[in-house]
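If you read the sequence shown in the working numbering, its first letter stands for residue 30, the second for the next number, and so on.
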Amino acid sequence: MFDCTTSRHFTEYVNENGVRSYILTTRTAKYQQCFYFVNSGLSEDGRYFWFYCADPPKRGHHLALLDFLTDEIIDYPDTTGSGWLVDTDGTLYWGCADGIKMRRPGERGEAILIAPMPEQAKALGARSIATHLSFTPDKSELVADIQLPGHDGTSGGSILGSFSMSDGSFTEWYRSPVYVPYNHAHCSPIDGDLLLCAHEGSKHPVTMKQQAPDLIDGIYPRLQLITRDGTRRMLPPHANYATHEFFAPDGKSVLYCARADKSDTEIAGQHVVARDRMDGSPAEVVLCLPIEKGTGAWHAHCSDDERYFVVDGSLFTYGKTWWRGIRSNVRFFDTVTKKCADIITENPVVDGYTPDNPCNYHIDPHPRFVCGGKFITHTTTVRGTVDAAITPVEQLKGLTK
């Protein structure tokens, strides 16, 4: 079987420190990206590689598939939607206006609708099933966050729940109020009755401007735990700020990007990765990788043993800390040795994007470990366009030992 180092569809890129990544250069679309970091785009054995495709100025994405056994790419224009999830065997699931669809890798016929849009969501105008889909630990259900539209682009709230894999029926767990979007939901890897989601920023119904959520009892409310019985619990984030959260692989804690508080005198105000053990104890800093004037920890993911982390960050560009299409980097960190190695030192701005003319696509690197920690997938712009990339991990362990 081929892999990214031997496939004819990849071109080697060597970072300035010698780290080798492999970029998918066969074009199916103008923009080709790896998955958002919560879900893997590869099957567990590394045979099937699903990736996002976009063709500006057309909005939205569809997916294409690279089969590393045959080294062939199949384009699937019918996979438009959101919430894409790849099972360990390479089977794809995603949400759309009709409900949840499934496609087995390599099949060229029509996708299979395995669960319809719930009637209660359809009646409220829902147009897609989820920002993310995830399995319960026993894979008997798919957990989803259904986003409800409000007026003039505001949020109508969210319906959180699960779909039966056997008959497509929907069980509602929790419904958030109007103007309170809960998204990025994903199920605990060890508890099928628990999900983690984000109280996201939204458009204010009066000013019509995008804003962060209001504090609740003085707490920034990003981190929300929801149980099947409708119970909601908010996790107070480190230094009262959190973003881009995910369950640790063992399911015993929540990891997220944050800022160091003033008591951490050496790193006060720096962007960090933090951990909440969900037991009422204070959140703790896992790592700090500062970027002058930038965002040192933007998105993060870890190896199964939580020793190694991969983190992307934004680089100060055109007088701003962040905007869609800003310069970025991707770094690898060993929490035992405390050493760091660049994977990509700089992803440059492409296609003339600026703070006043930002990218319409979510082209952040979104790095994550895949295939049992053997590789890291990420989106890169080092070739002057938006590309999917895969980086072998063993070389990074050697650089940080």
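By construction, the Cβ of each residue, glycine as well, lies at the ideal position given by its N, Cα and C atoms.
Identity of the residue in the options nearest residue i by Cα
| i | options | result |
| --- | --- | --- |
| residue 345 | 383, 429, 333 and 363 | 383 |
| residue 320 | 305, 396 and 351 | 351 |
| residue 245 | 174, 173 and 253 | 253 |
| residue 309 | 278, 272, 262 and 298 | 262 |
| residue 15 | 257, 318 and 278 | Summary: the structure shown does not reach residue 15, with the chain confined to residues 30 through 430, and so no result is reported for it. |
| residue 44 | 430, 415 and 410 | 410 |
| residue 58 | 88, 46, 249 and 402 | 88 |
| residue 145 | 130, 134 and 137 | 130 |
| residue 294 | 314, 364, 416 and 264 | 314 |
| residue 267 | 279, 284, 55 and 366 | 284 |
| residue 389 | 90, 63 and 47 | 90 |
| residue 158 | 47, 123, 102 and 420 | 123 |
| residue 151 | 96, 48, 141 and 199 | 199 |
| residue 224 | 422, 166 and 115 | 166 |
| residue 278 | 63, 401 and 302 | 401 |
| residue 54 | 416, 427, 63 and 422 | 416 |
| residue 336 | 312, 363, 353 and 348 | 363 |
| residue 137 | 83, 171, 121 and 76 | 121 |
| residue 333 | 387, 195 and 280 | 280 |
| residue 128 | 79, 95, 197 and 134 | 197 |
| residue 219 | 119, 168, 258 and 205 | 168 |
DSSP-derived helix/strand/coil call for residue i
| i | result |
| --- | --- |
| residue 124 | strand |
| residue 145 | strand |
| residue 272 | strand |
| residue 429 | helix |
| residue 180 | helix |
| residue 221 | coil |
| residue 400 | helix |
| residue 424 | helix |
| residue 38 | coil |
| residue 267 | helix |
| residue 119 | coil |
| residue 98 | coil |
| residue 342 | strand |
| residue 185 | strand |
| residue 361 | strand |
| residue 91 | strand |
| residue 136 | coil |
| residue 229 | coil |
| residue 55 | coil |
| residue 68 | coil |
| residue 172 | strand |
Span of the beta strand (DSSP E), counted from its first residue to its last, around residue i
| i | result |
| --- | --- |
| residue 417 | 416-421 |
| residue 110 | Looking at the DSSP string, residue 110 is not in any beta strand (DSSP E), and its letter there is neither H nor E. |
| residue 368 | 368-376 |
| residue 313 | 313-317 |
| residue 215 | 211-216 |
| residue 163 | 162-164 |
| residue 78 | 77-83 |
| residue 201 | 199-204 |
| residue 255 | 252-256 |
| residue 327 | 324-331 |
| residue 62 | 60-62 |
| residue 300 | 300-305 |
| residue 284 | 283-288 |
Terminal residues of the alpha helix (DSSP H) in which residue i lies
| i | result |
| --- | --- |
| residue 150 | 148-151 |
Expected contact under 8 Å - CB spacing of residue i and residue j to nearest Å
| i | j | result |
| --- | --- | --- |
| residue 340 | residue 356 | That belief does not hold up - the Cβ atoms of residue 340 and residue 356 are roughly 15 Å apart, past 8 Å. |
| residue 42 | residue 52 | 5 Å |
| residue 361 | residue 425 | 4 Å |
| residue 93 | residue 104 | 5 Å |
Cβ shell of residue i (< 6 Å), same chain only, five flanking positions each side left out
| i | result |
| --- | --- |
| residue 178 | 154 and 185 |
| residue 232 | 182, 183 and 239 |
| residue 36 | 100 |
| residue 399 | 69, 71 and 406 |
| residue 67 | 161, 215 and 275 |
| residue 420 | 50, 372 and 405 |
| residue 250 | 228, 242 and 263 |
| residue 359 | 341, 372, 373, 394, 396 and 407 |
| residue 327 | 341, 342 and 343 |
| residue 271 | 251, 252, 285 and 287 |
Sequence-distant residues of its chain with Cβ nearer than 7 Å to residue i (five each side left out)
| i | result |
| --- | --- |
| residue 282 | 304, 305, 306 and 307 |
| residue 117 | 72 and 73 |
| residue 324 | 300, 342, 343, 350 and 351 |
| residue 255 | 189, 202, 203, 224, 226 and 261 |
| residue 291 | 297 |
8 Å Cβ shell around residue i - same chain, five flanking residues per side excluded
| i | result |
| --- | --- |
| residue 160 | 111, 112, 174, 176, 212, 213 and 214 |
| residue 201 | 147, 149, 188, 189 and 190 |
| residue 413 | 377 and 379 |
| residue 85 | 59, 60, 380, 389 and 390 |
| residue 164 | 114, 116, 170, 171, 172 and 216 |
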